[in-house]
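Heads up, the thing below is written out as C-alpha cells.
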Amino acid sequence: MWFGHKSPPVASVALLSSTVQCQAPDHKASKQAVKTRVRFLLLIKHNSTDQSSSPIAVFIGVFVLAAEEHKSTWIQTWAQQTPSRNAILDETRRWKFPIPFILTDSLELNAKGVILQAFEEYRLRSCVDFKPYEGESTYISFTKLSGCWSYVGDDKKGQNVSIGERCDNKAIVEHELLHALGFYHEQSRADRDDYVKIWWDQIEEGKEHNFNKYEDDFITDLNTPYDYESIMHYRPLSFNKNESIPTITATIPFFNDVIGQRLDFSAVDITRLNRMYDCANTHTLLDQCSFELNNICGMIQNEDDNADWVQMLSSPADTDHTLSGRCRDSGYFMKFDTSSGVVGSSALLESRILYPKRHEQCLNFFYKMTGAAGDKLVIWVRTDDGTGTVHNVKKIHTITGDGDKAWKIAHVTLKVSEKFRYFFQGIRGSSNSSGAILIDDITLTETICPSAVWQIHNFTSLLATTPNGTPLTSECFYNPEGYSFGISVYPNGRDDAYSDYVGMTMHLCSGENDAVMEWPAMNRQVTIVALDQDPDVKLRMSSTRSFTTATSGATWDDSCQCHRGTDFGWSTFISHQHLRRRSFLKNDDLIITADFNDLTHLIKTEVPVIPTNGNNDITDGKPMNMVKLRQDVPKHREARSANPCHPNPCFNGGVCVEGKGKATCRCVFTMYYTGKRCDQMNLNRGIVGALVGGAAGTVVLTLAILTVIKRAQSNTF
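Here it is as C-alpha cells:
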C-alpha cells in the first residue's frame, strides 16, 4: 500500500534515502571510523554517470554526490569563458530582486516542492526573493537535466538550474541557487591552501580543473574567514579515483567530518550573501528575542495588569533556554512568578508594533511552567481598530500547565494582515501554585506553522537504551486537509547496518475525517525536520528530508480500525555524530516537525517563454505552449553517444539491449521491477513498495528489497 487507506502494522523494513549525509566531527573518532565513512561514501562513485547501477547503489543511494558535483564542470567551463572578473566582483552579473523563475514540468513533483522550500529559506535569512516568470528577459528556469548544476551569476538572458535525478533536497537546491547568485565553491578561494590540502594524485583523470583556485582579483571572500562548514564546500571524496583515499582534507583534522555538509546554510554563507546584495532586512522574519539585552527586544509591560514579567538571569534553579545555563553571568529569560498573589492575577508582556506583509504568521517560542497544573499562558494579538490605533484584542491560544517542568516548544498560528502586537498573558491558576511561568527564544516569522511538532525528552538516554530496530511512536496529528498521520523515530537505526543513524518515518493513522478524505493520498509531500534549536532562526542548520507520494502504481485497502498504517521514510535521517553537533539535543530534547502537504497544484507549472530581442534562441519556433529548455551548456556535456544504450537508460540494475537502433531494458530483478525502463515496482507478489525520485525522495519499502540490499552490502563493505 502506498499512502492508500490504513493498513495493519507490518514487520520493520528498511527505508532508504538518497540524500547525502556528511558525518559531524567527533574528537574521539578513530581512523577506523574514518575508513568506514570513506567506504560508505564509495557509493557516490557508483551513481555518478550510469543509471544501471547495482541495487545497492540505486536503492541505498544514500550518498549521491556525483550528480551534484558534475555541475562544477559546468561552472568551471563557464568561468573559463568569462572576463577576468566573476559574478561576485562584477556587479552587472548580480540579480535584481525578485528573481523571476519557471518550474518546468520536467521536474519531479517532489523537486518542485523542495525548490519552494528553498525559496522560503532565502526569504527568511536574506533579502533575496523570487517571483513567477511573467515575460522578463532574465530569469531562472528550474529543470531536470543531467545532475545538479547552475551557472554563476545572472547571464541576463535566462538560464537553467538543473535539479536532476536524486537532487531534490532542500540543501542541494540552496547550494545551486548560491551559484546562480554569484558564488563559487569554498575551496576555490585564493587562500584555500592555508586551510585544506588537495591530493592531486588522487583526483580522477580529467577532473583536476574542479579543484582550481582563483586569485582575489577574480573572486572575493567578502572579508570573511575560510568556512569549513559552508554549504558550498566539497566533500573529502569528491572526484576521487581510489575508493578509500580522499581528494581534499582539512589542515585541522577536526573538520574532515564537517566539510561538505548538506544540512543548510552556514552562518558565514548567510553573512556573505547579505553583504554581497546589501541586505538590511529579510522578507519573512518579523521578530525574534532571546532576552539577552536589557531592552528585551522592545517588548513592554502592560499597565492594565496586576503583576509583571521580570527579566531573569539563568540560575541552577531556573536555567534559561538560550544557553541552557552553560554560561556564567549570561542567559536571560522572562519570568512571571505564580507563587504569590490572588488566583487569577496576571501579567501581560507585549511586543512592539509589527507590520506584516503576508496574511499568516507563525509564533514559535519556548516556555516552562513550574507551578501548579492550573497556571495558564495565553497568547493574544492586538490589531488596528480601523483608526490607526492598535487596539482590538483577540485571544489566539491557551497553554495550561500539566505538571511537566521541562522547557517545551510552542508553535502558534497568527492570521493578521494589518499592523499588530502579540502579547503573552501569564495567569496564576491555583492558590497552591508555588512556581513560575518562563518564556525564552521567541521567533515570529511570516511562514506557516508545521502540522506536527513532537518533542522527545531525555533523548541521550534513549540512544543508550533503545534496541536497534525499535521505534518510538508519536501521537497522531492532522494536516490542514484533515489527514491523520504519525511519526516513528528509530534512535539506533532500523537495522544493524544503520545503527549509527537515527531513522525517521511517517505513517497514516485512522482519523475522524477518513470517510471524506481522498484515497489513495497521492501528490502529497512529506517533510520531516530535526530541529536545530539555535535561538537565532537565521542560523539554524536543521536536518530536512522530503518525499512525495506517487501518482501511479499505488494499491490501497478498505477502511479498517487498525489505527496506524505502514511506515515510509529514511533509515539514515541523521547520524549520531550530527546530533551531537550544534543544538539538535539542547536540554537533551530532540524536536521533530512534520508536514503532509498537497502538491497537486504544482503538477502543471511550466509557462511559455516570451521572446525578447536578442533572446529568440530560447524558444523552439513552435506554438508558444511550452518552454524550450535552454541548451547553452558546455558542448562536451551536450554530446550524446550514437549508441542508444549509452548511457544506460535502464533503472534498478536493468540491462540495456540494442536492437534496430532502439534500446530495450531487461529487468534483472523482475520479481521487484517492471516497466519499459525497469522503473516500476511490482506490486503483484505481495511486495509493498514505492519509489519517489530525488535526493530526499527515494523511498523503498519492502522486506524483499531489504534482503537484496543486505546481500549487496555484505559484498560492498
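Just so you know, full-length UniProt numbering puts 276 at position 276 of the sequence shown, and the rest follows in order with no gaps. Just so it is clear, CB atoms sit at the ideal spot from N, CA and C, and this is done for glycine as well. The structure presented is a predicted model; accordingly, all values stated were derived computationally and were not measured.
Check: So which of Y483, G469 and H175 has the shortest CA-CA distance to G493?
Finding: G469
Next item on the list: Would you decide whether C289 is buried or exposed? Buried here means 16 or more other CB atoms lie within 10 Å of its CB.
Entry: buried
Note to self: If you reduce the DSSP assignment to three classes, tell me which class F142 lands in.
What the structure shows: strand
Note to self: Using the three-state DSSP reduction, which class does T77 fall into: helix, strand or coil?
What the structure shows: Confidence is the limiting factor: at T77 the pLDDT is only 40, short of 50, which leaves the residue's position unreliable, though a coordinate-based value still follows. Here T77 sits in helix by DSSP.
Margin query: Tell me which residues share the same chain as W454 and place their Cβ nearer than 7 Å to its Cβ, disregarding the 5 neighbours each side in the sequence.
Written below: S474, I487 and I592
Note to self: What would DSSP say about A464, mapped onto helix, strand or coil?
What the structure shows: helix
Notebook entry, point to check: Distance, Cα to Cα, I574 vs T527?
Noted result: 14 Å
Check: Going by the beta-carbon positions, is the gap between T544 and K170 smaller than 7 Å?
Finding: yes
Next item on the list: Pull up the DSSP beta-bridge partners for Y478, would you.
Entry: S484
Next item on the list: Determine the direct distance from the alpha carbon of G482 to that of F254, and round the result to whole angstroms.
Entry: 47 Å
Margin query: Excluding the 5 residues flanking G135 on each side, which residues of the same chain have their C-beta closer than 6 Å to its C-beta?
Written below: I610
Margin query: Using the Cβ count rule (16 or more neighbours within 10 Å means buried), how would you classify K368?
Written below: buried
Next item on the list: Give every residue of the same chain whose Cβ lies closer than 6 Å to the Cβ of D269, excluding the five residues on either side of it in the sequence, and list them in chain order.
Entry: S230 and I231
Next item on the list: Have a look at F218 and V529 and give me their C-alpha separation to the nearest angstrom.
Entry: 38 Å
Note to self: Less than 7 Å between the C-beta atoms of V161 and E176, yes or no?
What the structure shows: yes
Notebook entry, point to check: Could you give the C-beta distance for I163 and F183, rounded to a whole number, given that I count them as a contact under 8 Å?
Noted result: Not really, about 18 Å apart at Cβ, beyond 8 Å.
Next item on the list: Could you tell me the boundaries of the beta strand (DSSP E) in which Q311 lies?
Entry: V310 to L313
Next item on the list: Could you check if G260 is buried or exposed, using at least 16 other CB atoms within 10 Å of its CB as the buried criterion?
Entry: buried
Next item on the list: Report the residue from L531, S146, F119 and M522 whose alpha carbon sits nearest the alpha carbon of H283.
Entry: F119
Item checked: Beta-carbon contacts of G374 that lie in its chain and below 6 Å, excluding the five residues immediately before and after -> G429 and S430
Margin query: As a quick exercise: from E186, L599 and D402, pick the residue whose alpha carbon is nearest that of I437.
Written below: D402
Checklist line | Whole-Å CB distance - K357 paired with W380, under 8 Å assumed | finding: Going by Cβ atoms, the distance from K357 to W380 rounds to 22 Å, so no, they are not a contact pair.
Note to self: Quick check on G4: does DSSP put it in helix, strand or coil?
What the structure shows: Note that G4 scores 49 on pLDDT, short of 50, meaning its location in the model is unreliable and no value can be drawn from it.
Check: Whose C-beta lies closer than 8 Å to the C-beta of Q361 among residues of the same chain, with five residues either side of it excluded?
Finding: L286, T413, L414, K415, V416, L444, T445, E446 and T447
Note to self: Tell me the residue span of the beta strand (DSSP E) that contains D384.
What the structure shows: K376 to D384
Next item on the list: For I296, name the three-state secondary structure that DSSP assigns.
Entry: helix
Notebook entry, point to check: Which same chain residues, not among the five before or five after L629, have their C-beta less than 6 Å away from its C-beta?
Noted result: Annotation note: pLDDT 35 at L629 (below 50); position unreliable, coordinate value reported separately. Within the same chain, L629 has close Cβ partners T143.
Next item on the list: Determine the contact status of L599 and G113, defining contact as a CB-CB distance below 7 Å.
Entry: yes
Next item on the list: Please confirm whether W309 and A347 have their CB atoms less than 7 Å apart.
Entry: yes
Next item on the list: Go through its chain and collect everything with a Cβ distance to F97's Cβ below 7 Å, but skip five positions before and after it.
Entry: C127, V128 and D129
Notebook entry, point to check: According to DSSP, what are the bridge partners of S162?
Noted result: T143 and W149
Check: Is the CB-CB distance between S510 and H563 below 7 Å?
Finding: yes
Note to self: Report the CB separation of Y133 from V607 in whole angstroms; it is logged as a contact under 8 Å.
What the structure shows: 6 Å
Next item on the list: Could you spell out the range, first to last residue, of the beta strand (DSSP E) harbouring K394?
Entry: V390 to T400
Item checked: Presumed contact (8 Å Cβ cut-off) between L531 and P491, rounded CB distance -> Not quite, the Cβ-Cβ distance comes to about 16 Å (not below 8 Å), so this is no contact.
Notebook entry, point to check: How about E518 and R421: do their beta carbons lie closer than 7 Å?
Noted result: no
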